[in-house]
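With my numbering applied, the sequence shown covers 56 to 281.
Built from N, CA and C at the ideal position, the CB exists for glycine as well.
Source: prediction; values computed, not measured.
This report concerns only the one structure given below.
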Amino acid sequence: MTTVRIWDLPTRLFHWALAACIVGLVVTAKIGGEAMNWHFRLAYAVFTLLLFRLLWGLVGGHWSRFASFFPTPGRLARYLGGRGTAADSAGHSPLGALSVFAMLLVLALQIASGLFADDEIAFSGPLTALVSGEWVSRATTWHKGWGQYLVIGLVLLHVVAVFAYLARRRNLITPMVTGDKVVPGAAALPSAADSAGHRLLALLLLTLSAGVVYAVVQFGAVPSLG
Numbered sequence: 056m057t058t059v060r061i062w063d064l065p066t067r068l069f070h071w072a073l074a075a076c077i078v079g080l081v082v083t084a085k086i087g088g089e090a091m092n093w094h095f096r097l098a099y100a101v102f103t104l105l106l107f108r109l110l111w112g113l114v115g116g117h118w119s120r121f122a123s124f125f126p127t128p129g130r131l132a133r134y135l136g137g138r139g140t141a142a143d144s145a146g147h148s149p150l151g152a153l154s155v156f157a158m159l160l161v162l163a164l165q166i167a168s169g170l171f172a173d174d175e176i177a178f179s180g181p182l183t184a185l186v187s188g189e190w191v192s193r194a195t196t197w198h199k200g201w202g203q204y205l206v207i208g209l210v211l212l213h214v215v216a217v218f219a220y221l222a223r224r225r226n227l228i229t230p231m232v233t234g235d236k237v238v239p240g241a242a243a244l245p246s247a248a249d250s251a252g253h254r255l256l257a258l259l260l261l262t263l264s265a266g267v268v269y270a271v272v273q274f275g276a277v278p279s280l281g
């Protein structure tokens, strides 16, 4: 049993920042009124985090890269058949990976629909003027209905899974705080890159992601030439 750096600092900060933003989004949506101003700010923050995670999934630490935990049929079959390797459970397990990708996809759809949604009272997404009223209606229906319920459902499923693993003496919380995990057969497992240079790269990618979000939001505010 050896300690290995599994989660680099950018991944850990992403995880907890995303969790906090999702809670804030649900709360502000339920409160409504002036709290919707914060709902928009938090939504833009989640948009930024999702873009960052997409990039970090390509160049981040080993266990944060999509290639290291993508749930291929072979990995799923091996894991479900009780033949999983140390690498299959060091980071995201194949089942956990399914949950991760489902969460990222649902959040992406929720953010995208929010950009075009309109509550027909006082608040509307920044891109509503770019599409027809029919598409605004569809986006609003999804955003306030299935999209919201799927996000809440996946979050609850995630929490239940974490506690289920705790009951089996597998702590998933501590590694996401410290970055390190005690695993068997660690000699064959690579440690995640987590140097100062690696973290600087993450900061640059986060800044780039924020710039893209700002550009998208501002694009919706540009008066139509027609």
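Reference residue i, options the options, closest by Cα
i: Val290; options: Ala157, Asp63, Ile61 and Thr103; result: Absent from the structure is residue 290, since the part of the chain shown begins at 56 and ends at 281.
i: Leu185; options: Gly129, Thr196, Ala172 and Arg138; result: Ala172
i: Ala152; options: Thr195, Val59, Phe125 and Ala222; result: Phe125
i: Tyr269; options: Leu221, Leu182, Ala257 and Leu256; result: Leu182
i: Ala177; options: Gly88, His70 and Ala132; result: Gly88
i: Leu217; options: Leu150, Ser192, Ser246 and Phe274; result: Here the sequence assigns Val to residue 217, which means Leu is not the residue at that position. Looking at the Cα atoms, Leu150 is the closest of the given residues.
i: Gly141; options: Ala122, Val237, Val82 and Phe69; result: Before going further, note that residue 141 is Ala rather than Gly in the sequence given. Residue Val237 is the option with its Cα nearest to Ala141.
i: Arg133; options: Ser123, Ser148 and Gly275; result: Ser148
i: Leu255; options: Ile86, Val114, Met56 and Ala74; result: Val114
i: Met158; options: His253, Met56, Ile207 and Gly136; result: Ile207
i: His213; options: Arg67, Thr57, Ala74 and Thr58; result: Ala74
i: Met56; options: Pro239, Val81 and Ser123; result: Pro239
i: Gln273; options: Asp143, Tyr99 and Ala122; result: Tyr99
i: Asp174; options: Ser187, Ser154, Thr195 and Gly188; result: Thr195
Beta-carbon gap between residue i and residue j smaller than 7 Å
i: Gly180; j: Leu164; result: no
i: Trp111; j: Met231; result: no
i: Gly79; j: Leu106; result: no
i: Ala5; j: Leu244; result: It is not possible to answer for residue 5, since the shown part of the chain is limited to 56 through 281.
i: Arg60; j: Asp235; result: yes
i: Trp190; j: Ser168; result: no
i: Val101; j: Ile166; result: yes
i: Gly116; j: Ala222; result: no
i: Tyr220; j: Leu209; result: no
i: Val161; j: Leu205; result: yes
i: Phe156; j: Arg108; result: no
i: Pro128; j: Ala257; result: no
i: Ala72; j: Thr83; result: no
Paired residues, beta bridge with residue i - DSSP
i: Ser179; result: Asp173
i: Arg60; result: Asp235
_Residue ranges of each alpha helix (DSSP H) within the stretch 104–147, 4 or longer_ = Under the rule that a run must span 4 or more residues, the alpha helix (DSSP H) segments found entirely inside the stretch 104–147 read 121–124, 128–135 and 141–145.
*Would you call the stretch 82–97 and the stretch 255–262 touching, i.e. three or more CB-CB distances under 8 Å?*
Judged by pairs of C-beta atoms under 8 Å, the stretch 82–97 does not touch the stretch 255–262, as fewer than three such pairs exist.
*asked:* At 4 residues or longer, what runs of the alpha helix (DSSP H) sit wholly inside the stretch 211–272?
replied: Correct list: 228–233.
*Could you tell me which uninterrupted alpha helix (DSSP H) segments, each at least 4 residues in length, are contained entirely in the stretch 182–212, listed from first to last along the chain?*
Runs of the alpha helix (DSSP H) inside the stretch 182–212: 188–199.
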